[in-house]
Every structure is written in structure tokens, then in C-alpha cells.
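Top to bottom, those sequences are chains A and B.
According to my numbering, the residues represented by the first sequence are 4 to 341, in order.
According to my numbering, the residues represented by the second sequence are 4 to 341, in order.
Below is one structure; the comments refer to it alone.
2 protein chains.
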Amino acid sequence: MKQPNEIIIDALELSNWDREFVHLLQKGGVTCVHACCGLWENARETLHNIGQWHRFFQENDDLIMQVFQGSDILKAKQEGKIGVILGTQNTSALEDELSFVSVFNQLGLKVMQLTYNNQNLIGSSCYEERDSGLSRYGKLVVQEMNRVGMVVDLSHVGEQTSLDAIAVSERPVAITHANPNWIYPTKRNKSPEVLRALKDNGGVLGLCAYPHLLNGKDTTLEEFCSMIIRTVDFMGIDQVGLGTDLTLNMSTDFLHWMRMGRWTHDVDYGAGSKENPSWPEWPSWFRTPKDFPNIAKGLMEQGMTGEDVSKVMGGNWLRFFTEGFKDKKEAEKCAYPM
Amino acid sequence: MKQPNEIIIDALELSNWDREFVHLLQKGGVTCVHACCGLWENARETLHNIGQWHRFFQENDDLIMQVFQGSDILKAKQEGKIGVILGTQNTSALEDELSFVSVFNQLGLKVMQLTYNNQNLIGSSCYEERDSGLSRYGKLVVQEMNRVGMVVDLSHVGEQTSLDAIAVSERPVAITHANPNWIYPTKRNKSPEVLRALKDNGGVLGLCAYPHLLNGKDTTLEEFCSMIIRTVDFMGIDQVGLGTDLTLNMSTDFLHWMRMGRWTHDVDYGAGSKENPSWPEWPSWFRTPKDFPNIAKGLMEQGMTGEDVSKVMGGNWLRFFTEGFKDKKEAEKCAYPM
Numbered sequence: 004m005k006q007p008n009e010i011i012i013d014a015l016e017l018s019n020w021d022r023e024f025v026h027l028l029q030k031g032g033v034t035c036v037h038a039c040c041g042l043w044e045n046a047r048e049t050l051h052n053i054g055q056w057h058r059f060f061q062e063n064d065d066l067i068m069q070v071f072q073g074s075d076i077l078k079a080k081q082e083g084k085i086g087v088i089l090g091t092q093n094t095s096a097l098e099d100e101l102s103f104v105s106v107f108n109q110l111g112l113k114v115m116q117l118t119y120n121n122q123n124l125i126g127s128s129c130y131e132e133r134d135s136g137l138s139r140y141g142k143l144v145v146q147e148m149n150r151v152g153m154v155v156d157l158s159h160v161g162e163q164t165s166l167d168a169i170a171v172s173e174r175p176v177a178i179t180h181a182n183p184n185w186i187y188p189t190k191r192n193k194s195p196e197v198l199r200a201l202k203d204n205g206g207v208l209g210l211c212a213y214p215h216l217l218n219g220k221d222t223t224l225e226e227f228c229s230m231i232i233r234t235v236d237f238m239g240i241d242q243v244g245l246g247t248d249l250t251l252n253m254s255t256d257f258l259h260w261m262r263m264g265r266w267t268h269d270v271d272y273g274a275g276s277k278e279n280p281s282w283p284e285w286p287s288w289f290r291t292p293k294d295f296p297n298i299a300k301g302l303m304e305q306g307m308t309g310e311d312v313s314k315v316m317g318g319n320w321l322r323f324f325t326e327g328f329k330d331k332k333e334a335e336k337c338a339y340p341m
Numbered sequence: 004m005k006q007p008n009e010i011i012i013d014a015l016e017l018s019n020w021d022r023e024f025v026h027l028l029q030k031g032g033v034t035c036v037h038a039c040c041g042l043w044e045n046a047r048e049t050l051h052n053i054g055q056w057h058r059f060f061q062e063n064d065d066l067i068m069q070v071f072q073g074s075d076i077l078k079a080k081q082e083g084k085i086g087v088i089l090g091t092q093n094t095s096a097l098e099d100e101l102s103f104v105s106v107f108n109q110l111g112l113k114v115m116q117l118t119y120n121n122q123n124l125i126g127s128s129c130y131e132e133r134d135s136g137l138s139r140y141g142k143l144v145v146q147e148m149n150r151v152g153m154v155v156d157l158s159h160v161g162e163q164t165s166l167d168a169i170a171v172s173e174r175p176v177a178i179t180h181a182n183p184n185w186i187y188p189t190k191r192n193k194s195p196e197v198l199r200a201l202k203d204n205g206g207v208l209g210l211c212a213y214p215h216l217l218n219g220k221d222t223t224l225e226e227f228c229s230m231i232i233r234t235v236d237f238m239g240i241d242q243v244g245l246g247t248d249l250t251l252n253m254s255t256d257f258l259h260w261m262r263m264g265r266w267t268h269d270v271d272y273g274a275g276s277k278e279n280p281s282w283p284e285w286p287s288w289f290r291t292p293k294d295f296p297n298i299a300k301g302l303m304e305q306g307m308t309g310e311d312v313s314k315v316m317g318g319n320w321l322r323f324f325t326e327g328f329k330d331k332k333e334a335e336k337c338a339y340p341m
């Protein structure tokens, strides 16, 4: 049922990478993953994370390659490698320095989520009580990201900051990993207003298998695929992809870092809860990247055409990243056909 | 007219300190100055600034001493030295690390303004278009500042963040340098709502001679003293002091750093304007710290009693800092009589 030449792109994974994990990606037919390279880290710490990735790329250059532009995704496919897009789930790496947008872009951080779970210099997160939208610095950062071809990601970003960022951005933006909040109501999932603005902006939404953003581990494949189809109905077939938020091989220490950073001495549960404080258990149909074909199969079983399935599994992200990673001048020269 | 034993405290100066400047403070009868030790600096850079102050304290220990608690102000007075309270006009030194409150408190940063001119992890500034108030991290920081006895300063802080901080703070807070906005309307000056909340909180407001927060250099001493008296009428005699924001010996480079940090590549004018872009010219009656007695004289000429003048010139800040610099347990043990 799975087409062997299909391109599968996962727009966000948080997993801890080792060779075994890469083999699981290969078994799942995955072409490219946007890998999380920072949550709360400042500039110096982000350089460390990038350095660790350099070592991992070097040691595994038979299996993986870093993606700087869309053609690298196709090259990875041709060479049978996994393409890795590095990005951060925060703008903390930029600190207060506008010039750091182009510096980190040059290092290949091609996606930056404007905020992680807390307010920062740029905007507010979905977990803050109030959200005053993009700050003055935030507007300059979005414009500079537009200029250099670094993709704006709004996944954990608050409602008003998301709407502002879409309004300020002259280029399509991404929500790499979130679901519609009218299907699964959580603070992390997205309102119709934000998704409508994303649609009008030409952006892409990556639907997310993270159990806390669904109905937990008992969410069935049918339910997940039904959400995909309902979201396609709302957003259009060209603007929906996957961003699983897969968290394989992750420690409890990392969970605490992810949720609490250094900003609180008490436990913050993020998308979890007091009753459900740990790494979530994943649904049976998506335990490792080997399971990507299950999603394609599930979509076809609900009547989606092969062409549409290909768009959702990776075609839309391929188009979006190809266009989005170009610097603005280049993008204006030769716009990728929508 | 000036009482020789009077205590004069300036709750904020940005000046570039050298021995000559200290001599001017002595000539003005100044007992204690809260000196700005950071605007946009991160933790590492703030350590550098503190280190520079260590060297300056060492080289000038015949003239100045660092103030860690109220009794140090009295000690400075007795020894004929200038007491220096170090503080920052931002919480950027804390970065995202709650524990840094007690670390920097131990180093003697006894006052921190929650935001400088931009939104940060904690709240919004008076120059942002919108202000969503204290963030989740911001609340924890205010509580921790309360615990260790680091004074919360709201001078450049936005309206909602100021109101939130006053509501969250279990101890009196300061506005070290700002004026009522109904007397001199600028974004940097304070609304009746904020000053009423400050009054109810038991805080102190430092009235500011920075020309951009008045009517420029032509503001007369009579007008400045009239503002003080009107503010005392509004706030009560125990809650008004001085925070001149004096900027002696400052370079144009520093002006650019002050206004633009690293967050913008374009000029931001802060309290200045395109028409008035430079360091402001100070009014004739307040050009150097030697001129402090002019203010006391001006107040008495408008009929303020000697006792009240002493409160405004330094008595209120002495009481406030004595109480505010105690850690919470100590403050609860022996509250300074209001």
C-alpha cells in the first residue's frame, strides 16, 4: 500500500538520536525530520547543541545529512539518507541580539519557534495567562527571519502572538506540531482563528501524535486519521502535514528540563498533568518511526487518495521548506509554485 | 538653609563614576546613590559590571562603600563616605534562572527593575504597544525577590506589569525614577492608577529630573519643586523621594547601547525623539550632584517644612531601603516603624 518513492517528512521530533533510532526512521521510510536542537538554551548553550549535532553528523554520515535547503531533502532521498533539519523550539538562542538570526541561520537552524512554554523577549506562550502579542523586538525578529529564510514556527506560541506573527510575516509560517483545539481541547492545540490565519498566510500545520495533545495512548489510528481528514477539510489539502513530536529514548531528567527549565523550582506539567506527570505512553499504532506507514494506511482506509496522502505524509512540508528556507531575495526571484 | 546632618539619597543615577564625580556628590551633601549596574546585560555581562565596581570600590575606599543593608547607609554618613547601592534597570541578568535572584542579591544587586525598555521573560515595558502583565516566571521572580530582600523597581515597567507586580509583591516596591504622567505626559511617567497602587502598597516614588521626563532643560526649579509638592499631596509625605536619573560623563556610544542594546539595527529614541536624539541638556539648577541643595532650597521656598524636606531628600528612601533590603524572615521579625 505504501509507495516506496514517497517522501515522508516529520516536522518535529524531540527524540534522542542514536544509530538505532536512525535505523527505525529508515524502516519507517522517513526522508527528513525536523529535529529539536533547543528548548530553553541561550546562545552559548545552543552552540553546544549544534556542536553535538556536528559530531553526530560526522559519526553517522553514511546514514544522515543536515538539510539547509529544500534540494538537500531530495538529495537525502536519492542517497537513501535521512535529512535532518535543525531547529529550536524557542528563540532563547537569539537572546536580545537581532544579528543572531542570521548567525544561527548560517549554522543551519532553519526553524525557530517564537516562544517555548513561557513568555520571552519576543512574545507569549500558550501557557501564559495573558498574551500581549509580538513585542517590538519580536516584530524585528520575524522580519529578519523572513529576510534570511528561517521558518517561523508557532506551535507552542500564544494566540495573540501567533496572530501578530502571521500578520507581520511577509512569508508563510509553520505550526510544526499541534492539533485543532476544537477536536482535542488543550492549551497547546490551536483555535480556528489561528488556523484560519495560517491557511490565509499559506502556512502548513503539522498534526501531532503526542498523546497529551490527543486523547492519550488510547487514541485509535482511526481517530487520528479522522482528525487529519477533518483538518484537511478546514485547511485545504496543501496545508496539512505531520509533526509527531515523537520523544523516543528520552530520560526523566530531560522531561524535567523540558518542563521546568531553570525558571521554576516547582513542578510544571506542561501538556501533562499532576495525574499524568511522566513521559506519555504512545498509542500502539505509533510507538517508533517505523510506524509511519500505519498513518498512510489509515488515511487510505478512510478514503483519502494516494496523491493526497503523499501531500500529508511529506509533500506539503517539502514544498513549504523548499520555499521557506530560501532567503527573501531568492524566494522573490523564483517562487516555488503553490 | 541646608541641614548639615541631613541624609540625601538619590534613588537612581546612570552617571559614569570617577573620583571627580564622587567629589561632586560630596559637595552636594549626598549620602547614598543607587547606581545603575546594568541595562541590557545578561548574567555573564552583569558579573563583569559588578567586577568593575569591585575595582572602583577598592581604588576609592576612602570615598565610597557598597551598601548591602540600611545600616550601611548610616555608616557611610558617619564615615563621610558615599554609600553606593548597586542595582540593575532590567532583570536580564537573571536570564531564565530563578536561582539567580539570590545569587545576584548576595553580590549586592539590591534593586532590580523588572523590565527595561522592552518586553522580557518577566513582563512588559512602558514602550511596548501592549502589556500582558507579569508572566508565570515573573511572578516567581517577584516572590523570590521578596524572600531575599531585593527591591522590585517599576520605573520603566509597563502599566499592567506594574499593577500585577504590586499585587503579587508581599512587600513594598519602588519606582526609583519617574514622574506623574498627569503633570508631565510621557510613556515613561506613571499613571494615577499605578501611583495609587504604589501608595497602597507602602512603596516610594523617586521623582526624576531627567529632562525628557519634564519639560526639557527649560523646566524651572519652581516647576520641579511644584511637581514634588503636588506628588506629595497625592502620595503622602512618606512616599516621595528623589531619583534624578543623572547621566554625567556619558558617551554617545553608551546612549546608543542604552536605547538600542542589541535588539534593533535602527535608532530607537527611548524617552528622546527624532528631533531631540542626544543626551539631554540638564536644567541650570541641576547640572551635577553638587546641585542637590538647590532642590531642598526650592522646596522650602514653596513652604515645605524642614522635616518634610528631609523626608523627600532622603529620609523616605532610608526607611524604605532599610526595610526593603532585609530578607523576608528578618523583615517579619522586626518591621521598621512606618
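Where is the CB? At the ideal position from N, CA and C, for every residue including glycine.
Being a predicted model, the structure only gives us computed values, none of them experimental.
Check your understanding: If the cut is a Cβ gap below 9 angstroms, which residues of chain B does aspartate 99 of chain A touch?
Key -> Trp43, Asn45, Ser95, Asn121, Asn123, Gly264, Arg265, Trp266
Point to revise | Min CB distance glutamine 163 of chain B to chain A below 9 angstroms | key: yes
Practice item. Would you mind telling me which residues of chain B sit closer than 9 angstroms to leucine 143 of chain A, beta carbon to beta carbon, in chain order? Key: Trp266, Thr267, His268, Asp269
Point to revise | 6 angstroms Cβ shell around valine 243 of chain A - same chain, five flanking residues per side excluded | key: Leu208, Thr234, Val235, Val315
Exercise for review: Spell out a yes or no on whether the segment 121 to 138 of chain B and the segment 121 to 140 of chain A are touching, meaning 3 or more CB-CB pairs, one atom from each, closer than 8 angstroms.
Suggested key: yes
Exercise for review: Have a look at A:Asn45, A:Gly239, A:Glu100, A:Asn297 and flag the residue whose alpha-carbon is nearest the alpha-carbon of threonine 267 of chain B.
Suggested key: A:Glu100
Practice item. Tell me whether the beta-carbon of lysine 336 of chain B lies closer than 9 angstroms to the beta-carbon of arginine 150 of chain B. Key: no
Review point. Is the Cβ of proline 280 of chain A closer than 9 angstroms to any Cβ of chain B?
Key: no
Check your understanding: Within 10 angstroms of its Cβ, does valine 170 of chain B collect 16 or more other Cβ (buried), or is it exposed?
Key -> This sequence places alanine at residue 170 of chain B; valine is not what is there. The residue in question, alanine 170 of chain B, is exposed, as its Cβ has fewer than 16 Cβ neighbours within 10 Å.
Point to revise | From A:Thr247, A:Ile10, A:Val106, residue whose alpha carbon lies closest to that of leucine 50 of chain A | key: A:Val106
Practice item. Using the DSSP secondary-structure output, state which residues sit across from methionine 148 of chain B in a beta bridge. Key: Methionine 148 of chain B pairs with nothing; no bridge assigned.
Check your understanding: Mind pulling the chain A residues with CB within less than 8 angstroms of tyrosine 130 of chain B?
Key -> Arg139
Exercise for review: State yes or no: is the beta carbon of glutamine 6 of chain B nearer than 9 angstroms to at least one beta carbon in chain A?
Suggested key: Low confidence applies to glutamine 6 of chain B: its pLDDT is 43, below 50, so where it sits in the model is not reliable enough to give any reading.
Check your understanding: Could you give the distance in angstroms between the alpha-carbon of phenylalanine 103 of chain B and the alpha-carbon of glycine 111 of chain B?
Key -> 12 angstroms
Review point. Helix, strand or coil: how does DSSP classify aspartate 159 of chain B here?
Key: Residue 159 of chain B is actually histidine in this sequence, not aspartate. Looking at histidine 159 of chain B - three-state DSSP - the assignment turns out to be coil, as it is neither helix nor strand.
**Study point:** Close beta carbons around threonine 222 of chain A, own chain, < 6 angstroms, minus the five adjacent residues each side
**Key:** Pro286
Point to revise | Chain-ordered chain A contacts of aspartate 134 of chain B [CB-CB under 7 angstroms] | key: Ser135
Review point. Looking only at its own chain, which residues have a Cβ that is under 6 angstroms from the Cβ of isoleucine 53 of chain B, when we skip the five neighbours before and after it?
Key: Leu110
Exercise for review: Determine the burial state of arginine 191 of chain B: buried for a count of at least 16 other Cβ atoms within 10 Å of its Cβ, exposed for fewer.
Suggested key: buried
Practice item. Anything in the segment 209 to 236 of chain A with a Cβ closer than 7 angstroms to a Cβ of chain B? List those residues in chain order, please. Key: none
Check your understanding: List, in order along the chain, the chain B residues whose C-beta lies closer than 7 angstroms to that of serine 3 of chain A?
Key -> Look at the range of chain A in this structure, 4 to 341, and you will see that residue 3 of chain A is not part of it.
Check your understanding: Is the segment 59 to 70 of chain A close to the segment 24 to 37 of chain A, with three or more CB pairs under 8 angstroms?
Key -> yes
Exercise for review: Give the DSSP bridge partners of isoleucine 85 of chain B, in chain order.
Suggested key: B:Ile67
Check your understanding: Looking only at DSSP bridge pairs, what is asparagine 279 of chain A linked to?
Key -> A:Ser276
Check your understanding: Can you tell which of A:Gln146, A:Gly317, A:Asp21 has its C-alpha closest to the C-alpha of glutamine 61 of chain A?
Key -> A:Asp21
**Study point:** Contacting residues, own chain, Cβ-Cβ under 6 angstroms from glycine 264 of chain B (five flanking each side not counted)
**Key:** Trp43
**Study point:** Buried or exposed by the 16-neighbour rule on C-beta atoms within 10 Å, applied to valine 160 of chain A
**Key:** buried
**Study point:** Local conformation of cysteine 35 of chain A per DSSP, three classes
**Key:** strand
**Study point:** Exposure label - aspartate 294 of chain A; buried when at least 16 CB within 10 Å
**Key:** buried
**Study point:** Close Cβ partners of phenylalanine 289 of chain A (< 6 angstroms) along its chain, the five nearest in sequence each way excluded
**Key:** Ala212
Point to revise | Cα-Cα separation, serine 18 of chain B to serine 254 of chain B | key: 10 angstroms
Check your understanding: Quick one: what's threonine 91 of chain B bridged to in DSSP?
Key -> B:Met115
Check your understanding: In angstroms, rounded to a whole number, what distance separates the CA positions of glutamate 132 of chain B and glutamine 146 of chain B?
Key -> 26 angstroms
Exercise for review: Kindly list, in the order they appear in chain A, the residues whose Cβ is closer than 7 angstroms to that of serine 127 of chain B.
Suggested key: Ser135
Check your understanding: How about serine 102 of chain B: is its C-beta nearer than 9 angstroms to some C-beta of chain A?
Key -> yes
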